[in-house]
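Please read the structure below before turning to the comments.
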Amino acid sequence: MSSSVAQLLPVLAAAEGGLNWHGFFFLLFALLACCLAVAVVLADNVVRMAFYLVLSLGATAGLFFLAGAEFVGAMQLMIYVGGTLVLLIFGVMLTAQEPFVSIKTPVRDKVLAGLVGGALLAVLIQAALSGPAWSGSAAEGGGGVALAAGQPSATPLGMALVGIRVDGDVASGEKSPEDGQVRSGYLLPFEIVSVHLLVVLVGAAYLARSKRRKSSGGQGADLSTGGMR
Amino acid sequence: MEVQSDLGATLSTLLGLAWLIPLGSFAAILFFGPKMGPHGRNSAWVATAAIGASFALSLFAFGTWMVAHPPQVVDHHGAEHHGAEHGEGEHHDGAHGGDDHGSGHGDAGHEEHSSWSPPRGSGGVPATFARFADDAAAAEQHAAGEGGHEHDDAAHATAGHSSERPAYSGDWYSLYRSPTLVLSIGWYIDSLTVLLFVVVTFIATCIHVYATGYMHDELHDITDHEVTLASGGHLHRPGRYSRFFQGLSLFCFSMLGIVIAGNLAMVFVFWELVGICSWFLIGFSFERTSASTAANKAFIVNRVGDFGMLIGLMALWGSLGTLHFGDTVSVDADGHQVVQPGLFSLVRPAENGHALQVPDGMVVAAASDRVASIAAGSSAEAAAAEVAGEVSEWRAMGMGNWLLVVAGLGIFCGCMGKSAQVPLHVWLPDAMEGPTPVSALVHSATMVAAGVYLTGRFYPVLTPDVLVVIAYIGAITLFIAATIALVCTDIKRVLAYSTVSQLGYMMLALGVGGWVAGLFHLVTHAFFKSLLFMCSGSVIHACHTNDMRRMGGLLKKMPYTGWTMLAGCLAIIGAGVPFVIGFSGYYSKDSILAQALLFRQVNPSHAVLWYAAAGGAALTAFYMFRLWFMTFLGEPRDEHVAEHVHESPAVMTAPLVVLSVMAVIAGWSLGPLGVANLLEQARPLGTADGLTGGGLLTAAVTVPAEAASHADSIHFTATITAFATAAAGVLLAAAFYVWRLVNPAAIATVLRPVHTFLENKWYFDEIYDWIFVKPAHGIAALASANDRGIIDSIIHFFAWASRQLAAVDAWMDRVLVDGLVNVLAAATWSTGLRLRSIQTGRLRQYVMFIVVGTVAIFLLVSMMFSTTVASP
Amino acid sequence: MAEYLIQTVGLPGWLTWSLLAVLSAVLILNLMAGGALVFIWAERKVSARIQDRLGPTRTGGSFGWLQSLADGIKLLAKEDLMPEGADGMLFRVAPYVSFCASFAAFIGLPFAFDMVGLRLNVGVFYVVAVLGLEVFGVILAGYASASKWSLFGAMREAAQVVSYEVPLGMCIVVPVMLAGTMDLVTIAEKQAGWFTNWYLFHDPFTFVVFWVYVTCAVASVNRAPFDLAEAESELVAGFHTEYSGLRWSFFFMAEYSSMFLVSGLAAVLFLGGWNGPVPIATLLGLSDGTGESTGAIVRLLGLANLLGKATLGVLIMMWIRWTLPRLRIDQVMTTCLKYCTPIAAVMFAGAMTWLWVFPGGVLNLDDGSRRPGEIREGWLEGPGGRSTAVSDAPVDDAPALAEIAEVSK
Amino acid sequence: MNLLSDPVGVSHYLIVGAILFTTGIVCMVVKRNALGVLMGIELVLNGANVNFVAFGSPVLRGEQASILGLDGQLMALFVILLAAAEAAVALAITLNFYNNHATVDVDRADDLKG
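Chains as they are written, first to last, in my numbering: chain A, 1 to 229; chain B, 1001 to 1872; chain C, 2001 to 2409; chain D, 3001 to 3114.
What follows is the structure, given as structure tokens:
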């Protein structure tokens, strides 16, 4: 079985002739992510779109796990899939009345979008393949895999977020944080993002709050409905 | 010495707080006043609480002072035992001074010059405390005592005592600092400062309380019947309750600022602030023409005096380079203490035994031509040394003397304005247009006292010439004001002229060398004159009129007001049982008369001062009791007024009672505790001795030492004279207005010219109108004509020419420039119209544009630069 | 085991790892299915006892042992109905989404030292994140059923779960902070020894946090009194109103698995994991107290420990369910936002302060070689530190990585 | 270069990211439903994230000090966070739009067109 698979998809072939699980899972998740993303585009029903999107994002999380970014993967699951999509589905359901669940797009637009998207894809893929260092470098790097296998990502990320870098040079002992040579941490962006999130929460709650003023004040009603026309 | 420095810091903190609290109240009422309760009712409590807090702090400071520097007994009658007939004799405190001095002088004797404390930083400004305890002076006086007087241990102690003059000075904050001028907010604290803080805040507290009742009309809208509008109706305006208290708070802040000020510049600033407050408060009902003109008059007349004060300030600064009263201690770069002598040390240097001398700076300034010739001939250092050597010689030649006189006269000019001395007295009676609490606080007890206070504070710098001028001004003032008061019928104006007259007394006392006497009278007068004004306010409040001719028989209806006012009247005429006990005025007026009598004995040519003082006492008694009799005794003259007269509310009578108690006891001393003794402690160094000099303005005079006036011979005469004159005045008033032995109208008819002359207030206003106002109007008319006729026509011509030019320019603008711009605008407009169709408003299209643009840029970059995007 | 297969049996590496992965999956699946059977039976018995009834007594013996199995067979035999207006694809997929989420979460949960599907250094985070996906299936089911009851139930569930994730996350952060890692295996190892080492008893704040966690866990698995999503008195059966047969049973398996999962998580985070209250193995000399050196018996003992604790947790949830009345939706949200979240936040700060004040615990029994307040993942502790994190290669991922390494040679 | 024969590397991830990105763009262009546009944005961000993680992954780069190192993962984290924030706000805007226009069709949001 393994040899035939290897002939079909050499990326799955392992040195000893068995199945390369890493390649297998990568192919699995990549295909899932891409196909489901395409399904998002093709689907007409909004809820189904959201469903496909969730699965696509989940598959991407799998890709992250494969790339050794476990924390980011878990974060992707937690926030993107768990949080963002629940929000999105909320929105879908709150606004889902029959006529609006699917709104047809003219075929002309679709064709045009396909052309433009194809061009963009071509450009991006050309760029992706243009860097020789970007393909198969794990083969040249040697010890990278062994290191990566046990390299925890949560603590270094956490430390980086509070402003201390313990990865890279520090972990390998070449430099110490006292030298001042290590790359800087992300305390400030972290704080900014946290404040940003707070502001966004408040702002979103303000924007989305129900407009009860319609009944109480005639002036406000004019502004909120007629003003937009 | 640390303890003493701490005392300075403590006092400066306490009094500084007491000074600033009213400012806080002012700011609070300024911003939030109308919002404080209904119609700003609570602003009164804010202001009262603030000044009450100030009073509490001042009292605490007072207590602190009394503990640290207990006043010594000055035995007024003991002088004869120690041969005080010597003109400049010190007063010895006899047997009961020893143990008091034990502690105080133990310190002073060993302090030497190490009495400087290390400067401590407060807010980055070196705060230093200078204490003027000087052994050199003590030794010198000691020597003098050995030479001239009988001498015992008590005398030794007294010598130490008189040379020890506890005072503290320092700066809170330097506004500007250069080698030749330091402008700073500082303090100068001695017992006079502390005492005046207590007096001012106490009286102000009473008056604040009183005003809460008196001004309650302002709590609601007011129809002012004294203002007739063009429409014929009366002015209707909202109440200004909070504004009134706002003004009072600012005034208290300003007055306390004068008292605590550590330098003349600061004094001047607060001097002006007091003037402004006065302007605000006199013009409280500014819709009334009389009130607004009175306010303006007060302010302008004060400015006249202030101009003189500015001259004095310039003379001092230009020649001496400092305006500080006390010495300033700072630490230079090497860590040495540098003593920057203040005015008092410059004029009365310790090396000279604190005797008055023309300071080096003034001498050098006066001899500037000689200095220039010296400087031309040699190097800078040598010239400086030579000049320093010549100074004493030049001083002996009398150089610079005139500068000192100018400085003294200038400062006194300001005091004249503020203390309403002739010829600048005209504003004070008019200032009675302000509400009565203002009259009581501002124009009797405190603001007008500022002039006397400054004269007293500045006393060490005044030369005999200046003192004689002061004495004469005071005497003239006292007499003129007293005579006018005789015929006034407006109850507040009588009191106003009596204030002027009493201020004249104070000036006279200072001028004839009675430093303690003058300031003593200042303190006692503050109590009883505020009392009298508040009583009159109570009467006015009840009668709704100022006219005494419509009053009478009020004593039954207003017992509190009547009796307390009687206490005030007795105090002001100096009533008392001779040599036993008396009202507060008895003590202060006696000491003034005694000093005047002594001055007459020493300088027979100036006897008129004594007659003015003595005669003034009789006049005072007459007009004060004329007032009281007309108001409170007899039958009501106007039924309409009398029928709704009522006693004032408790919030107004309570301060009256409190103040009447003070009016009675303010002059008493309990052992060593007494105002006079406390003032004696603050006596400027060197002024205990007499002063002989003059020649610039008058013939040489001798200003006798004040202690000599305590001699029994003089004191006896003075007391008897005072009692007799006062009694005569009272009896005469009783004869006129109670017993009806004489008809006042008949007298007036008989003395018609004199009466008219007095009723017109010696025609001062008319004279000023002729001399100053009319010419000023004439000059103004000339200038106006010049302005309109000549200058305006020139300007009109230019304007016309400009218009013609502008017309040409406008044409160019419209046709050429605008045309260009319009073409551009039209092009932009049409382009925009054509381009607007791109803005389709379709989100999806925009996304498409972005993508296409990105791809295009990517392709372009790839083609133009042959590198790959991701270089290896 | 891997070594045994590779070296002794001689299987190729990739095959070994593949077999082990399949084995793990099968075990977990069986645990979920079997657990559900047991717990459904237990729920019936518990509820009956609480309500003074007997519960099932006939099927398979006097205690009704086989009642659940009988129910299962009945469900299998039932017809799967689908409403006419339903979104067919989503309707079918929804139960599996829920079930897969539960299953995936089990992958990260350790049952004893090394008895873990996939040892992740972000284990806690992973478990919570995946568990949160369960709600997704519920929402899909609610939407796809084309029924008002279902949609209402789904919306309630969504609001509730999303809200309760906040305090739940805060509670979980506390043990993570104490242990200094998110690796569940390490967290449990840190609590080895006597029961006083459990994070439940670490300090007063963790004690409180535990109860907040219990509340939030009950809410996040939709058990009474927080079962608004299926409130039978208002919504018929909530999101699964339209479901029947096998699909319905998948929802139930997911629910009971989630209960078991949050109980197991509580056991690992707060109750010492597989470490018993008394370190019997150490006392008997079977173990030196560290996880690596233990034999199979000790691991089995640990497994029993953990399963016992988790089961106890599930039973407590049942007890709660049959004791407390259901809350209104506003009360549910109030409990979350006004009570659980602030309490958890304050307790988090308190525990942090405690850790700062007493870095080695109140009695400071630590040997002093490392301060618990510092970074405590093995790979950062330097040569002197006890390296626990990387000692054993993760089960699932390693073969692929190892092969990459081999390819590169 | 043969993607199918090389071991998994950065390029593979980049291509996945490119596909996700393009899909997202196309989704934004094609969908008239505002929520569809939102989902397109999510896809775009996700595609970018894939690239970040790939560049930062030591597994794929095989060198200890790869170009991005941890920074790639950190960037991805920030992107995720900001995407969540953006989703919340965008959803609120959509709801508002729905309240005012009774539709979520973005083509109807052309009140300000030129």
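C-beta: ideal position from N, C-alpha, C; glycine also.
Item	Value
Using a Cβ cut-off of 8 Å (strictly closer), state whether Ala30 of chain A contacts chain D.	yes
For Gln1340 of chain B, which residues does DSSP report across the bridge?	B:Thr1328
How many whole angstroms separate the CB atoms of Val1371 of chain B and Val1387 of chain B, which I take to be in contact at a CB cut-off of 8 Å?	6 Å
Between which two residues does the alpha helix (DSSP H) carrying Leu3095 of chain D extend?	3070-3101
For Asp109 of chain A, go through chain B and note every residue whose CB falls closer than 8 Å to its CB, in chain order.	Arg1844
When the Cα of Gly2035 of chain C is compared with those of C:Leu2023, C:Leu2069, C:Phe2063, which residue comes out closest?	C:Leu2069
Could one say the Cβ of Ile164 of chain A lies closer than 8 Å to chain D's Cβ atoms, at least one of them?	no
Quick one: using the 10 Å Cβ neighbour count with 16 as the cut-off for buried, is Val1847 of chain B buried or exposed?	buried
Thinking C-alpha only, which one of B:Gly1853, B:Phe1284, B:Ser1669 is nearest Tyr1241 of chain B?	B:Phe1284
Note down the Cα distance separating Arg2053 of chain C from Lys2045 of chain C, rounded to an integer number of angstroms.	8 Å
Do Leu2246 of chain C and Leu2076 of chain C have their C-beta atoms closer together than 8 Å?	yes
Any beta carbon from chain F within less than 8 Å of Leu120 of chain A's own beta carbon?	Absence of chain F from the displayed structure is noted, the protein chains being A, B, C and D.
Pair every Cβ in the region 2150-2167 of chain C with every Cβ in the region 2192-2210 of chain C, then say whether three or more of these pairs are closer than 8 Å.	no
For Ile2404 of chain C and chain A, any beta-carbon pair shorter than 8 Å?	Residue confidence for Ile2404 of chain C is low, a pLDDT of 33 falling below 50, so the modelled location carries little weight; the figure read from the coordinates is stated next. It does; some Cβ of chain A falls within 8 Å.
What's the call for Ser1501 of chain B, buried or exposed, on a 16-neighbour Cβ count within 10 Å?	buried
Starting from the beta carbon of Met2182 of chain C, find every residue of chain A whose beta carbon is closer than 7 Å, and list them in chain order.	Ala154
Could you pull out every unbroken alpha helix (DSSP H) segment of at least 4 residues lying fully inside the region 2053-2092 of chain C, listed in chain order?	2067-2077
Confirm, please, whether the CB-CB distance from Thr1564 of chain B to Val1657 of chain B is below 8 Å.	yes
Could you tell me if Lys2074 of chain C is buried or exposed, where buried requires 16 or more neighbouring beta carbons within 10 angstroms of its beta carbon?	exposed
What does Leu112 of chain A reach in chain B if we use C-beta pairs closer than 8 Å?	Met1848
Please identify, using Cβ separations under 7 Å, the residues of the region 3084-3099 of chain D that lie next to chain A, in order along the chain.	Ala3084, Ala3085, Ala3087, Ala3088, Val3089, Leu3091, Ala3092, Ile3093, Thr3094, Leu3095, Asn3096, Tyr3098, Asn3099
For His1208 of chain B, which option in B:Val1438, B:Gly1434, B:Phe1032, B:Glu1706 has the closest C-alpha, if you only look at C-alpha atoms?	B:Val1438
With distances taken from CA atoms, which of B:Leu1619, B:Ala1776, B:Gly1305 is nearest Trp1427 of chain B?	B:Gly1305
From Ala1734 of chain B to Phe1202 of chain B, what does the alpha carbon distance come to, in whole angstroms?	34 Å
Is the region 1256-1263 of chain B close to the region 1004-1020 of chain B, with three or more CB pairs under 8 Å?	yes
Could you tell me which uninterrupted alpha helix (DSSP H) segments, each at least 4 residues in length, are contained entirely in the region 1298-1324 of chain B, listed from first to last along the chain?	none
Could I get the ranges of all uninterrupted alpha helix (DSSP H) runs contained in the region 1665-1703 of chain B, with 4 residues as the minimum, in chain order?	1675-1682
Which two residues bound the contiguous beta strand (DSSP E) that contains Glu1706 of chain B?	Here Glu1706 of chain B belongs to no beta strand (DSSP E), and DSSP marks it neither H nor E.
Alpha carbon to alpha carbon, how far is Ala2281 of chain C from Val2298 of chain C?	6 Å
Whole angstroms is fine: what's the gap from Ala2105 of chain C's alpha carbon to Leu31 of chain A's?	23 Å
Determine the burial state of Ser1392 of chain B: buried for a count of at least 16 other Cβ atoms within 10 Å of its Cβ, exposed for fewer.	exposed
Give a yes or no on whether the minimum CB-CB distance between Gly1841 of chain B and chain D is below 8 Å.	yes
Tell me, please, whether the CB atom of Leu2133 of chain C is closer than 8 Å to any CB atom in chain A?	yes
What three-state label does DSSP hand Arg1288 of chain B in the structure shown?	coil
Which chain B residues are close to Asp3107 of chain D, counting only those with a beta carbon under 8 Å from its beta carbon?	Arg1842, Leu1843, Arg1844
Are the C-beta of Ala208 of chain A and some C-beta of chain C separated by less than 8 Å?	no
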